[in-house]
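Notes to accompany the following structure.
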Amino acid sequence: MTINIITLGCSKNNVDSEALAARFAKMGHQVFFESDAPSDIVLVNTCCFIQDAKEESIEEILSRTERKKRGEVGQVFVVGCMVQRYKEELRSALPEVDGFYSFAELPDLLNTQSFDLLTEPRDLLSTPAHYAYLKVSEGCDRQCSFCAIPLIRGKQVSKRVEQIVFEAEQLARRGVKEIMLIAQDLTAYGTDIYHEKALKTLLSSLARVQGLQWIRLHYAYPNDFPFPILDVLQENKVFCRYIDMPLQHVSERILRDMRRPSSPGKLRALIEHIREKIPGIAIRTTLLTGFPGETLAEHEELKRFVQEIKFDRLGVFSYSREENTAAYAWKDNVSPREKRRRQKELMQIQEKISLTNNQLKIGQCLPVIIDRENEDFYEGRTEFDSPEVDNLVRIKKQTILNIGDIYPVRISKANAYDLYGTVEMERN
Ligand code: SF4
């Protein structure tokens, strides 16, 4: 059969889709990703992180069931976080779907006895051949009051260091040059199986994997930051000078209510320390705006912090009230319109910061990995940019470049979210 897998949500879902794809392929099916071509089966891997994500998942399911009605698709199956959380509601609301499978029910979908999303080998990548996501743990032991992820994904389960290194070696052998380490909470990696933080050990082991050129880190929790990892990042060129560390907010009151106790002073000191240890590091963060009770003064405090710290990369989400989280009990008293206004204000500040930062890069020669080509340009990224979420470097097509290779690129022009440049000499 032909199976088309559609993935919504975060990169962790991409990894899950790849694990499912590998198993389907082993069963003799022909699997592809994100296609509009006719297929026997469409499998939609959903997200329900916030309201917008739920709506996007529902729209995707409906567009696929429409195609089923037109005869372009045989059956539609739905898996992922949304099924884990709302299976019964979905089943009654969407009878045209042929099956909903929670995580525990995936073996039924695959007609097998056992299937472990976290450790299943991945022989098919949904990403371009030169980069891949590598999930180091699943679930989360924290209890942030707004977050439904622990309810959906459960407590943290870490993979063993040897297994992650084995996967990284396999990926490198098949030509992957860049891996993105992902976890709900990278900071706590290993605490469940080793009873101590093990991120430093993991990174030291990964630094020895032959063939990888870039490794980047996603989703470090700012409290209890594992400072010894900074030495490993600094000593090994394979690690991108990049860290994704969602702060969510900086107001002491809001952080306390979010159950992420900290303060602007502590967060400032943490960022300064990271920047001191690894000069030039790009710090990416995400913020949540419109949390219950967020006053204008608290929003202003957040704006001032963003202005002062000048994050290199920033994403801003509007608070979404999620059932069974602690914050669900509190009044969602910032209107949707006001949440959007605050979100926009923060992004406008960031746009100016990003423009200034990018303009400072004009004249510099930076290693750039080539992701794709279109009619006029090659598009790539620096070590300071993760795929899909960060800046692009556009290189005018003059010579032929190999997708997935890293070239020195002299930056000649910049706007807020893109750099432009030309390849300077032989590739690295
Ligand atoms: S650390 Fe992240 S995943 Fe874990 S509960 Fe908090 S926000 Fe959710």
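Note that my numbering has the sequence shown beginning at 74, numbered continuously upward. Glycine is no exception: its CB is placed at the ideal position from the N, C-alpha and C atoms. From a predicted model like this one, the values you see are computed outputs, not experimental measurements.
Closest Cα partner of residue i within the set the options
i      : options                        : result
VAL462 : ILE422, ILE435, LEU182, ARG386 : ARG386
ARG413 : ASN397, LEU116, PHE364         : PHE364
PRO319 : PHE384, LEU428, PHE176         : PHE384
MET253 : TRP287, VAL282, THR359         : TRP287
THR495 : ALA489, ARG483, ASN488, ALA342 : ARG483
LYS310 : GLU132, VAL234, SER277         : SER277
VAL407 : LEU419, ARG394, ARG140, GLY263 : ARG394
ASN447 : ILE476, ILE422, CYS438, LEU439 : ILE476
GLY338 : GLN423, LEU375, LYS160         : LEU375
ALA487 : VAL238, GLU424, ILE78          : GLU424
ASP405 : TYR392, CYS120, ASP113, ARG137 : TYR392
VAL450 : GLN471, GLY436, ILE435         : The question names Val, but residue 450 is Phe in the sequence shown. Checked all of GLN471, GLY436, ILE435; the closest Cα to PHE450 is GLN471.
ASP113 : ASP181, PRO409, THR362, ARG137 : ARG137
LEU419 : GLN380, TRP403, GLN432, THR429 : GLN380
GLU269 : ASP297, GLN243, GLY248         : ASP297
ALA355 : CYS220, ASP109, ARG454         : ARG454
Where residue i sits in the DSSP three-state scheme
i      : result
ASP196 : coil
MET331 : coil
GLU269 : coil
LYS470 : coil
GLY172 : strand
PRO201 : coil
VAL379 : helix
ILE316 : strand
ARG500 : Unreliable positioning characterises ARG500 in this predicted model, as indicated by a pLDDT of 49, which lies under 50. The coordinate reading is nonetheless provided below. Of the three classes helix, strand and coil, the one that applies to ARG500 here is coil, per DSSP.
SER210 : strand
SER112 : strand
ILE78  : strand
ASN118 : strand
THR368 : coil
GLN286 : coil
ALA221 : coil
SER324 : coil
GLU395 : coil
GLY436 : coil
Any non-hydrogen atom of the ligand SF4 closer than 7 Å to residue i Cβ
i      : result
ILE123 : no
ILE222 : yes
ARG140 : no
CYS217 : yes
LYS313 : At residue 313 the sequence reads Cys, which differs from the Lys that was named. No, the Cβ of CYS313 stays beyond 7 Å of every heavy atom of the ligand SF4.
CYS213 : yes
ASP258 : yes
TYR206 : no
TYR294 : yes
Integer-rounded CB distance, given that residue j should sit under 8 Å from residue i
i      : j      : result
LYS250 : ILE473 : Not confirmed; about 18 Å, so no contact.
VAL170 : VAL146 : About 11 Å separates the two Cβ atoms, so there is no contact after all.
PRO295 : SER335 : 7 Å
PHE176 : LEU163 : Not quite, the Cβ-Cβ distance comes to about 15 Å (not below 8 Å), so this is no contact.
SER210 : TYR262 : 6 Å
ILE134 : VAL117 : 5 Å
THR362 : GLN432 : About 27 Å separates the two Cβ atoms, so there is no contact after all.
THR358 : PHE390 : Rounded, the Cβ-Cβ distance is 11 Å, inconsistent with contact.
ILE347 : ILE327 : Not quite, the Cβ-Cβ distance comes to about 22 Å (not below 8 Å), so this is no contact.
Own chain residues within Cβ distance below 8 Å of residue i, not counting five before or after
i      : result
THR192 : LYS232, GLN236
ASN87  : THR80, SER199, THR200, TYR206
GLN57  : The structure shown has nothing for residue 57, since the chain only spans 74 to 501.
TYR493 : VAL466, ARG467, ILE468, LYS469, ILE484, SER485, LYS486, ALA487
VAL305 : LYS273, LEU276, SER277, ALA280, PHE312
Cβ-based neighbour list, residue i, same chain, cut-off 7 Å, excluding 5 preceding and 5 following
i      : result
VAL241 : The question names Val, but residue 241 in the sequence shown is Ala. Excluding sequence neighbours, ALA241 sits near LEU207, ILE252, LEU279, VAL282, LEU285.
PRO194 : ALA95
GLY227 : GLY212
ASP196 : ALA95, ALA98
THR368 : none
GLU91  : ARG195, LEU197, LEU198, SER199
PRO180 : GLN186, SER187, PHE188
Spatial neighbours of residue i in its chain, beta-carbon cut-off 6 Å, leaving aside the 5 residues before and after
i      : result
CYS213 : ILE222, PRO223, GLN229, GLN257, ASP258
PRO301 : LYS273
CYS313 : TRP287, ARG289, GLU456
ALA399 : SER218
ARG445 : GLU452
PHE122 : none
ILE426 : LYS383
GLN124 : SER393
VAL149 : VAL115, ARG137, THR138, LYS141, VAL170, ASP171
PHE106 : ILE78, SER199
ASP458 : ASN464
ASN397 : LEU224
Residue i beta carbon near the ligand NAD (any heavy atom closer than 7 Å)
i      : result
TYR262 : Absent from the structure shown: the ligand NAD. Ligands present: the ligand SF4.
Beta carbon proximity, residue i to chain B, threshold 8 Å
i      : result
PRO409 : Given the protein chain composition of this structure (a single chain), no chain B is represented.
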